[in-house]
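Protein chains: 2
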Amino acid sequence: MSLKHILLGLAERECSGYDIKKEFDTSLRNFWRAELSQIYPQLQKLKTDGLLTSDTAESGQGPQRIVYHRTGAGKAMLKDWLEAGPVVGTERIAFLAQVYFLHELDSDDARLEFMGALRAYFVERLAFLDSVEQGWAAKYPGYPDDMPDDEFYPQLTLACGKHRIGATVAWCDETIARIKKRATA
Amino acid sequence: MSLKHILLGLAERECSGYDIKKEFDTSLRNFWRAELSQIYPQLQKLKTDGLLTSDTAESGQGPQRIVYHRTGAGKAMLKDWLEAGPVVGTERIAFLAQVYFLHELDSDDARLEFMGALRAYFVERLAFLDSVEQGWAAKYPGYPDDMPDDEFYPQLTLACGKHRIGATVAWCDETIARIKKRATA
DNA sequence: TATCCCATGTAACTAGTTACATGATTCG
DNA sequence: CGAATCATGTAACTAGTTACATGGGATA
Chain A
6 MSLKHILLGL AERECSGYDI KKEFDTSLRN FWRAELSQIY PQLQKLKTDG LLTSDTAESG
66 QGPQRIVYHR TGAGKAMLKD WLEAGPVVGT ERIAFLAQVY FLHELDSDDA RLEFMGALRA
126 YFVERLAFLD SVEQGWAAKY PGYPDDMPDD EFYPQLTLAC GKHRIGATVA WCDETIARIK
186 KRATA
Chain B
6 MSLKHILLGL AERECSGYDI KKEFDTSLRN FWRAELSQIY PQLQKLKTDG LLTSDTAESG
66 QGPQRIVYHR TGAGKAMLKD WLEAGPVVGT ERIAFLAQVY FLHELDSDDA RLEFMGALRA
126 YFVERLAFLD SVEQGWAAKY PGYPDDMPDD EFYPQLTLAC GKHRIGATVA WCDETIARIK
186 KRATA
């Protein structure tokens, strides 16, 4: 279960469920997503399990915040997860399932439209990653290697996204060319 | 919901739940996985929804097989899914969540060990894809483009896997070098 | 005779999504 | 005064996992 461990990782610093949601929607968005309706109960559960503690804090606007912080046991559980080695082989890639059955569309035009939409999506993702990167580069003159640990490792996930999405765009281009060639054959 | 549509795609030809499981474990394994305990009830549901029909067939060994075949409505639903455009942005990549928090491990050696294990996994996946490809190449002299439709589109998913996994291995190498450089700095 | 593959399923559980409910403050 | 943002949650549902249950036929 990764969500649990992600919350334990984020709770190195005091944070509320609302704060965490914002992190999912920005920094973590390349590899994980979660809704508030999943985050809040999970934080409560981690607290009853003794992995987090909570405190109330005033917020400038709106109701009181409940801020969480991880315990020693919480940190230990996160470390166990990392020490158990990479969690791989569980990914589901829906668009590839669609490509697998793309012959069910009834024209090459329809198939090319599908591939064009796919390519556009990934190009947009790549642009987003570039913009995040520019923010970092502006903040750290020694970017990407001269950064504190708690930014260096997140930066690695961005670098991975760039590699993978770049490769996916290249595959889209290749695929579009192959379908066109096939159409004229 | 992708599983439903994948089953509708596979049920173009008559197949049993058991057959489908084998397809998940071989051809589809690059982008989706499913257990028998999810497949069997889902097939039953698709039948009651009028998207599949079923028949019993003798099997050489073991009990009777229940073979499914999709209806016109089933085919139409699959087409609707494809025509609605690519399903993207839902992926969860657990190993990147781990990398994001890798600074929580307490030595560079531990971090390099993690990255080494990750690299080894992807190298192995790449070798598997190469072996699948060699099988295809042996069967079709005009590989990869001169293949029937119902093999060409699956082949595209293999090509995508090769691109993406290749890029991931390159990222692992780059990352290992960056962590080493950081360790000596 | 033991193990593997064939073949179908159910039960209990965990994980994640969508919709709903509440209420304060701030900005235009 | 209306919309956006802050802030927390519950309820109902869908999706997926793990464990259990059954039993035939083939192979070693």
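Line by line, the protein sequences are chains A and B.
Heads up: the first sequence begins at 6 in the numbering used here, then just goes up one per residue.
Heads up: the second sequence begins at 6 in the numbering used here, then just goes up one per residue.
Backbone N, C-alpha and C define an ideal beta-carbon position, used for all residues, glycine too.
Taking 9 Å as the threshold (beta carbon to beta carbon), is residue i in contact with chain A?
i	result
R183(B)	yes
H10(B)	yes
R38(B)	yes
I158(B)	At residue 158(B) the sequence reads Tyr, which differs from the Ile that was named. Judged by the 9 Å Cβ criterion, Y158(B) is in contact with chain A.
T162(B)	yes
T189(B)	no
Would a check of beta-carbon distances place residue i closer than 9 Å to chain B?
i	result
T95(A)	yes
E19(A)	no
G14(A)	yes
K186(A)	yes
D30(A)	no
I98(A)	yes
D155(A)	yes
Along the beta strand (DSSP E) that carries residue i, what are the first and last residues, could you check?
i	result
S59(A)	L57 to A62
H108(A)	Looking at the DSSP string, H108(A) is not in any beta strand (DSSP E), and its letter there is neither H nor E.
Y73(B)	R70 to R75
Which two residues bound the contiguous alpha helix (DSSP H) that contains residue i?
i	result
L98(B)	As written in the sequence, residue 98(B) is Ile, which differs from the Leu given in the question. That residue, I98(B), is in no alpha helix (DSSP H); it is neither H nor E in DSSP.
R183(B)	D154 to T189
G14(B)	S7 to L15
F29(A)	G22 to D30
Y45(B)	L41 to T53
Report, in whole angstroms, the separation of the C-beta atoms of residue i and residue j, which I expect to be a contact under 8 Å.
i	j	result
D154(B)	Y145(B)	Not really, about 13 Å apart at Cβ, beyond 8 Å.
V104(A)	Y158(B)	6 Å
I184(A)	L117(A)	6 Å
R169(B)	T162(A)	Actually they do not touch by this definition, with Cβ atoms about 15 Å apart.
L41(B)	G22(B)	6 Å
I11(B)	K26(B)	Between K26(B) and I11(B) the Cβ distance is about 12 Å, and since that is not below 8 Å, they are no contact.
L56(A)	R75(A)	6 Å
T58(B)	R70(B)	Going by Cβ atoms, the distance from T58(B) to R70(B) rounds to 14 Å, so no, they are not a contact pair.
L110(A)	K9(B)	Wrong, their Cβ atoms sit about 18 Å apart, outside the cutoff.
G171(B)	N35(B)	Rounded, the Cβ-Cβ distance is 13 Å, inconsistent with contact.
L107(A)	F119(A)	7 Å
Positions along the stretch 117 to 150 of chain B whose CB lies within less than 9 Å of some CB in chain A = E118, F119, M120, A122, L123, Y126, F127, R130, P149 and D150
query = When Cβ atoms are compared, which residues of the stretch 102 to 116 of chain A fall closer than 9 Å to chain B?
reply = Legend: CB atoms of the stretch 102 to 116 of chain A lying less than 9 Å from CB atoms of chain B belong to residues A102, Q103, V104, Y105, F106, L107, H108, E109, L110, D111, A115 and R116.
task = Could you name the residues of the stretch 61 to 94 of chain B whose beta carbon sits closer than 9 Å to any beta carbon of chain A, in the order they occur along the chain?
result = If the cut-off is 9 Å between Cβ atoms, the stretch 61 to 94 of chain B has K80, L83, K84, W86, L87, E88, G90, P91, V92, V93 and G94 near chain A.
ask   = For the stretch 39 to 60 of chain A, which residues have a CB atom closer than 7 Å to at least one CB atom of chain B, in sequence order?
value = Within the stretch 39 to 60 of chain A, contact with chain B at the beta-carbon level (separation under 7 Å) is assigned to no residue.
query = Taking any Cβ of chain B, which residues in the stretch 164 to 178 of chain A have a Cβ under 9 Å from it, in chain order?
reply = A164, C165, G166, K167, H168, R169, I170, G171, A172, T173, A175, W176 and C177
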